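Novice: Offset between the sequence shown (1-based) and the working numbering: plus 1091.
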Amino acid sequence: MTDTPMNETPMNETPTRDTIARRTVLVATGATAATLAVGAAASGTSTAPTTDTAPVAAAAVCTLTKEMTEGPYYLDGQYVRADITEGKTGFPLELALTVVDDDTCATISNALVEIWHCDALGEYSGYVGNNGHNEPDSGTFLRGGVLTDSRGVARITTVYPGWYRGRCVHIHVKVHVGVTLTADGSFTGGTELHTGQLFFDETVTAKVGALSPYSANTVTRTTLAQDGIYDDGGAASGLLTLTALGSSPSAGYSGTLTLGVER
């Protein structure tokens, strides 16, 4: 049994929002749809191209999923920016997250996809020290998001996350619509449509975790199978499709997933 982190939402806590049965939708055209749906659900890894394809509702493959807990580390008013690394060390992670309407499978442009996650040592900005490591805390590293483009795709550059006590490797995600961008580079207002988490293939994480700087994390890593929030639902529960960017884990990965939301 894994330990519940000191400041993390308890493993058996239900999501704070009552729309547990919302949809996460995998969308593609033609044969690509079957490849993404089966490959992502089976292993979370893929060698498929990461370029997005304009979705066609008739070819969409939709699967139901529940939303995931927000957890204790969310901070309001983060920056709207495509690169959230702020110089943090770690292996590159290029995310391409597509937002679609779960009823029609149509893509949603100008939706703000916001993410936040811990660094290689398992520390969140604004909460540094909670995982037992001492480092500078900007209050903003590895936080932020971007608006989806005309194809509904949000592209965000970050680093592969580390881990903290009691949780597997993951990224938190929110989807907002109708936000107003502010002069200081942040956003206000809008409507929050989705709160979830993104997860990583265990084989890939084991390779990453064995190398520096991740190997310096002194906390025992919780696996996907041990995690109390991830429900082994594959892509339908937020498991990213990962593609290696080179021959070594240090070259990084691209991660893709399509999120279905109720408007």
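From the three backbone atoms N, C-alpha and C, an ideal C-beta is built for every residue, glycine too. Just so you know, these numbers come straight off a predicted model, no measurement behind them.
Helix, strand or coil for Ser1345, going by three-state DSSP, please let me know.
Specialist: Strand, per DSSP.
Novice: In terms of alpha-carbon separation, which member of Leu1348, Val1270, Arg1172 and Pro1163 lies closest to Thr1248?
Specialist: Among Leu1348, Val1270, Arg1172 and Pro1163, the Cα nearest to that of Thr1248 is on Arg1172.
Novice: Any contact between the region 1276-1289 and the region 1217-1231? By contact I mean 3 or more CB pairs, one from each, below 8 Å.
Specialist: As far as the Cβ criterion goes, the region 1276-1289 does not touch the region 1217-1231, which means the pair count is below three.
Novice: Candidates Ala1202, Asp1193 and Leu1203: which alpha carbon is nearest Ala1327's?
Specialist: Among Ala1202, Asp1193 and Leu1203, the Cα nearest to that of Ala1327 belongs to Asp1193.
Novice: Helix, strand or coil for Val1295, going by three-state DSSP, please let me know.
Specialist: Correct three-state label for Val1295: helix.
Novice: Mapping DSSP to helix, strand and coil, what is Leu1202?
Specialist: With the sequence shown as reference, residue 1202 is identified as Ala, and Leu is not the correct amino acid for it. Coil, per DSSP.
Novice: Taking the beta strand (DSSP E) that Pro1183 falls in, what are its first and last residues?
Specialist: Start and end: Pro1183 to Asp1192.
Novice: Assign Ala1327 to one of three DSSP states: helix, strand, or coil.
Specialist: Helix at Ala1327.
Novice: Hey, out of Ile1320, Ser1216 and Tyr1305, whose CA is closest to Glu1158's CA?
Specialist: Taking only the C-alpha atoms, the option nearest Glu1158 is Ile1320.
Novice: CB-CB under 7 Å to Phe1278, same chain, minus the five flanking residues each way: which ones, in chain order?
Specialist: The answer, listed in chain order, is Val1171, Leu1203, Val1270, Thr1271 and Leu1272.
Novice: With C-beta atoms as the reference, is Ala1187 less than 8 Å away from Ser1345?
Specialist: Yes, these two residues count as a Cβ contact at 8 Å.
Novice: Out of Pro1304, Gly1325 and Val1299, point me to the one whose CA is closest to Ala1335's CA.
Specialist: When only C-alpha atoms are compared, the closest one is Val1299.
Novice: Taking His1285 as part of the beta strand (DSSP E), name the residues at either end of that continuous run.
Specialist: Thr1282 to Phe1290 is the span of the beta strand (DSSP E), which, as asked, contains His1285.
Novice: Helix, strand or coil, according to DSSP, for Ala1307 in the structure here?
Specialist: It is helical.
Novice: Would you mind sorting Asp1210 into buried or exposed? The rule is 16 or more other CB atoms within 10 Å of its CB.
Specialist: Buried, because 16 or more other Cβ atoms sit within 10 Å of the Cβ of Asp1210.
Novice: In the DSSP assignment, what are the bridge partners of Thr1271?
Specialist: According to DSSP, Thr1271 bridges with Thr1279.
Novice: Please classify Thr1347 as buried or exposed, where buried requires at least 16 other C-beta atoms within 10 Å of its C-beta.
Specialist: Flag for Thr1347 reads buried.
Novice: What does a CB cutoff of less than 7 Å around Val1310 pick up in its chain, not counting 5 residues either side in sequence?
Specialist: Here the set comprises Gly1213, Asn1222, Gly1223, Trp1254, Tyr1255 and Arg1256.
Novice: Assuming Phe1182 and Val1268 are in contact, meaning their beta carbons sit under 8 Å apart, how far apart are those beta carbons, in whole angstroms?
Specialist: The Cβ separation is near 32 Å, so there is no contact.
Novice: Answer with buried or exposed for Leu1333, where buried requires no fewer than 16 other C-beta atoms within 10 angstroms of its C-beta.
Specialist: Buried is the call here.
Novice: Any idea which residues DSSP pairs Asp1167 with across the strands?
Specialist: For Asp1167, which the question treats as bridged, DSSP gives no partner whatsoever.
Novice: Rounded C-beta distance between Leu1330 and Phe1290? I'm assuming under 8 Å.
Specialist: That belief holds up - the Cβ atoms of Leu1330 and Phe1290 are roughly 5 Å apart, short of 8 Å.
Novice: Go to Gly1230, then tell me how far its beta strand (DSSP E) extends in each direction, as first and last residue.
Specialist: That residue, Gly1230, is in no beta strand (DSSP E); it is neither H nor E in DSSP.
Novice: For Tyr1215 and His1208, I'd like the C-alpha separation in whole angstroms.
Specialist: Between Tyr1215 and His1208, the C-alpha separation is close to 6 Å.
Novice: CB-CB under 8 Å to Asp1323, same chain, minus the five flanking residues each way: which ones, in chain order?
Specialist: So the qualifying residues of the chain are Leu1315 and Ala1316.
Novice: Let's test the definition: count the other Cβ atoms within 10 Å of the Cβ of Arg1354 and tell me whether it reaches 16, buried, or not, exposed.
Specialist: Flag for Arg1354 reads exposed.
Novice: Classify Thr1180: buried if its beta carbon has 16 or more other beta carbons within 10 angstroms, exposed otherwise.
Specialist: By the neighbour-count rule (16 or more Cβ atoms within 10 Å), Thr1180 is not buried but exposed.
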